[in-house]
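In what follows, a single structure is set out as C-alpha cells and then discussed.
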Amino acid sequence: MADPFRWRSTTIRAIAPATARVKSFRFEPLDGPHRAGQHVDVRLIAPDGYQAQRSYSIASAPGDPAGLELMIERLPDGEVSGFFDEIAEVGDAIEMRGPVGAFAWGASEGGPVLLVGGGSGVVPLIAMVRERALRAPHVPMLLLYSVRSAAEAIARGELAARSRDETGFDLTLLLTREGPTAGRRIDRVMIDTAIECLGMPRHSFVCGGNAFVGTVADLLVDAGVRPATIRTERFGG
Amino acid sequence: MATRGFTGRPPAAEIAKRLPPGQHLTDDFPVLQMGPTPRVATEGWRFTLRQGSRPLASWTWDELQALPRTRWGGDIHCVTKWSKFDTAWEGVTIDDLLAAAGLEAPTGFVLAEGHDDYTTNIPVPDLTGGKAMIATLYEGQPIEPDHGGPARLLVPHLYFWKSAKWVKGLRFTERDEAGFWELRGYHMYGDPWREQRFTGD
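Here the protein sequences line up with chains A and B, keeping their order. Sequential numbering from 43 applies to the first sequence in my numbering. Sequential numbering from 491 applies to the second sequence in my numbering.
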C-alpha cells in the first residue's frame, strides 16, 4: 500500500458552495482507502518557499468514485482557508498527505453510533453517515447537529433526506441562533433523548469547537457512556 | 512546486526563527486529546515507575509535592501545527524522581502512561538531564484538567503529543515500543525542528 505520509500533488476536480462560508472541494482520490472521520494535511507553497500547512477532515466516504471531498470553512484572516475561498480553481495542483487520525469509524465496527457535531465539526461525521449508508445500512446511527442557523448547516438537504429515507439513521438538528430553539445548547435532556432513541452507543464521536466538544463529552460521560468509547476531535487550534 | 496564486503571510523574522518548519504561532492553548477529559482526583492519585509490569517506585500526590521542584519556561510545539511561545511550567524533573527513588534508569526507553490509557514512547536520554518533568503547575496555577491536570509529563523539546496528559506513570521498556499515536503512524521520536510528524519524516 502507498505510504499515506508521503506528500503528493493532487488536483482540484470540482468546487461548489456548501453554505455562505463553506465550500466543497473535490480532489483526485487518495492512493489508498481512508477510514471515515480521518483528515488529510494540506500544504501550500509560496514562490519564495514559504509553506503553510493545515489539517482538513474528509467529508467523502472511503472509495467515493467522485473523489476526495473536503469542506473548507472561510475563517476570518484565514491564511489557508482564504486561499481556498478566493484563489483556488478547478485544475489547481495542491500538495496533500494522509489519511491521518484515530477519530474514525468503519462499517465493520458496528453500532449503535452516536455522532455529535457543532458547526463545521460535522464534516468528518458526514463521512461516517455516508460510510454507513454505503457499507453498513443495518447499523443504527444518530447525528445530533448543533449549528447557528439552517443556512449555516452543512449538507442539510442530504442529511435530512437520509434521515427520511434511510431506516436506522436519524438526524436531530439544533438551531442555536434562530427559531424556537434559539439560545438552547446541547444539554443532558437532548443527550438522554438521543440515547433513548438510538440505544446505548457502542461508539460516540464528538467534533466541533473546543468548548463544545468538552461540554458534550462530559455530558456523554454523565449519561453513562463509557469514556473509552468516546472519540473527540476539536477545531479552533 | 509553488502553489498557484499563494503568497501566504510569513510571520515576522523574530517569530519565524522560533517556529519549527510547518508551524504557526497561536495565542490560545488548544486542547487535543482522543476522548473525554478523565476525572482524576489528587486523593488516591499515585505516580509509579515500572520496569515491565514490576513497580520500581511510587509516590502519592503529597509525596510528589514534597520532592524538589523545578520551573521551566519556553516554547511548545504541537504536531497539529500550532506553537505556543513562553509557556511556564513547574513540577518535578525525572532526574529528581529517579534520585528520590535511588534508581538509575534500568533501560533505554520509556512508555509514558496516562489515566486515559494513552501511551507514548520516549528515549530515556530525552527525559533526563533536566529535559523533562512531571508538571503540576502551569503559569503558577494547578494545571486545568483539559490540559492534563493534575499532572502531565512535559517533554517540551519534542512534539507535544509526547507530553502525556493525566500521566500516572513511566514504564521502562527494553526496546523503543510504539505508543498510541506512534502505532497509528506518528513518528517514533517527534523532533519538531526536523519536522518528524509521521513515520518516514
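Even for Gly, the Cβ is constructed at its ideal location relative to N, Cα and C. Being a predicted model, the structure only gives us computed values, none of them experimental.
Determine, for residue 678/B, whether the minimum Cβ-Cβ distance to residues of chain A falls below 8 angstroms.
So, not an interface residue.
When the Cα atoms are used, what is the spatial distance from residue 590/B to residue 629/B?
So the alpha carbons of these two residues sit roughly 26 angstroms apart.
Is the beta carbon of residue 657/B less than 8 angstroms from the beta carbon of residue 668/B?
Not a contact, by the Cβ cut-off of 8 angstroms.
Looking only at its chain, what residues have a beta carbon closer than 6 angstroms to the beta carbon of residue 195/A, apart from the 5 residues adjacent to it on each side?
Excluding sequence neighbours, residue 195/A sits near 189.
In the DSSP output, which residue or residues are listed as bridge partners for residue 538/B?
For residue 538/B, which the question treats as bridged, DSSP gives the partners 548/B, 659/B.
Check whether chain A comes within 8 angstroms of residue 526/B, counting only Cβ atoms and requiring the distance to be less than that.
Output row for residue 526/B: interface = yes.
Between residue 598/B and residue 584/B, what straight-line distance do the alpha-carbon atoms span, to the nearest angstrom?
If I take the Cα positions, the gap works out to 14 angstroms.
Would a check of beta-carbon distances place residue 260/A closer than 8 angstroms to chain B?
With 8 angstroms as the cut-off, residue 260/A counts as an interface residue toward chain B.
Under three-state DSSP, which class holds residue 625/B?
In the structure shown, residue 625/B sits in a strand (DSSP, three-state: E or B).
Relative to the C-alpha of residue 89/A, which candidate in 579/B, 500/B, 615/B, 605/B has its C-alpha closest?
Among 579/B, 500/B, 615/B, 605/B, the Cα nearest to that of residue 89/A belongs to 500/B.
If we require 3 or more residues per run, which beta strand (DSSP E) segments fall completely within the region 98-166 of chain A?
Fully enclosed beta strand (DSSP E) runs of 3 or longer: 110-115, 135-142, 155-160.
Mark residue 169/A as exposed unless 16 or more other C-beta atoms lie within 10 angstroms of its C-beta, in which case mark it buried.
Its Cβ being crowded by 16 or more others within 10 Å, residue 169/A is buried.
Distance cutoff 8 angstroms, beta carbons only. Does residue 274/A sit that close to anything in chain B?
Taking Cβ atoms only, chain B reaches closer than 8 angstroms to residue 274/A, which makes this a yes.
Pick helix, strand or coil for residue 265/A, following the three-state DSSP scheme.
Three-state result, residue 265/A: coil.
Can you round the beta-carbon distance between residue 670/B and residue 609/B to whole angstroms, since I take them to be within the 8 angstroms contact cut?
Rounded, the Cβ-Cβ distance is 5 angstroms, consistent with contact.
By DSSP, does residue 65/A sit in helix, in strand, or in coil?
Reduced to three states, the DSSP call for residue 65/A is strand.
If you check the beta carbons only, do residue 689/B and residue 675/B fall under 8 angstroms apart?
In contact: residue 689/B and residue 675/B (Cβ atoms closer than 8 angstroms).
Quick check: the Cα distance between residue 138/A and residue 531/B, rounded to an integer number of angstroms?
C-alpha separation (whole angstroms): 42 angstroms.
Would you say residue 49/A and residue 85/A are within 8 angstroms of each other, going by their C-beta atoms?
The answer is yes: Cβ separation under 8 angstroms.
What residue range is occupied by the uninterrupted beta strand (DSSP E) comprising residue 249/A?
Looking at the DSSP string, the run of the beta strand (DSSP E) that includes residue 249/A is 245-251.
Check whether the Cβ of residue 636/B lies closer than 8 angstroms to any Cβ atom in chain A.
It does: the Cβ of residue 636/B has a partner Cβ on chain A nearer than 8 angstroms.
If I measure Cβ to Cβ from residue 134/A and keep anything under 8 angstroms in the same chain, skipping five residues before and after, which residues do I get?
Here the set comprises 53, 54.
Should residue 525/B go down as buried or exposed, given a rule of 16 or more other Cβ atoms within 10 Å for buried?
Buried is the call here.
If you reduce the DSSP assignment to three classes, tell me which class residue 231/A lands in.
In the structure shown, residue 231/A sits in a helix (DSSP, three-state: H, G or I).
Using a Cβ cut-off of 8 angstroms, pull out every chain B residue sitting near residue 99/A, in sequence order please.
Correct list: empty, because the minimum Cβ distance to chain B is about 12 angstroms.
Along chain B, which residues have their Cβ under 9 angstroms away from the Cβ of residue 88/A?
In chain order: 492, 493, 496, 497, 498, 500.
Roughly how many whole angstroms lie between the Cα atoms of residue 223/A and residue 215/A?
Approximately 10 angstroms, taken between the alpha carbons.
If you follow the alpha helix (DSSP H) that residue 202/A is part of, which residue opens it and which one closes it?
Residue 202/A -> alpha helix (DSSP H) spans 198-207.
Distance cutoff 8 angstroms, beta carbons only. Does residue 681/B sit that close to anything in chain A?
Cβ-Cβ to chain A under 8 angstroms: no for residue 681/B.
Please classify residue 452/B as buried or exposed, where buried requires at least 16 other C-beta atoms within 10 Å of its C-beta.
Summary: the structure shown does not reach residue 452/B, with chain B confined to residues 491 through 691, and so no result is reported for it.
Quick one: list the residues of chain B neighbouring residue 54/A, beta-carbon separation under 7 angstroms, in chain order.
The premise fails here: residue 54/A is roughly 10 angstroms from chain B at the closest Cβ pair, so nothing lies under 7 angstroms.
Which chain C residues are close to residue 691/B, counting only those with a beta carbon under 9 angstroms from its beta carbon?
No chain C is part of this structure, whose protein chains are labelled A and B.
Rounded to whole angstroms, what is the Cα-Cα separation between residue 122/A and residue 553/B?
For residue 122/A and residue 553/B, the distance between alpha carbons rounds to 48 angstroms.
May I ask you to list, following chain order, the residues of the region 523-553 of chain B that have a beta carbon less than 9 angstroms from some beta carbon of chain A?
The region 523-553 of chain B vs chain A, Cβ under 9 angstroms: 523, 524, 525, 526, 527, 528, 529.
Could you say if the region 177-184 of chain A and the region 253-266 of chain A meet the contact criterion of at least three C-beta pairs nearer than 8 angstroms?
Verdict: no, contact absent.
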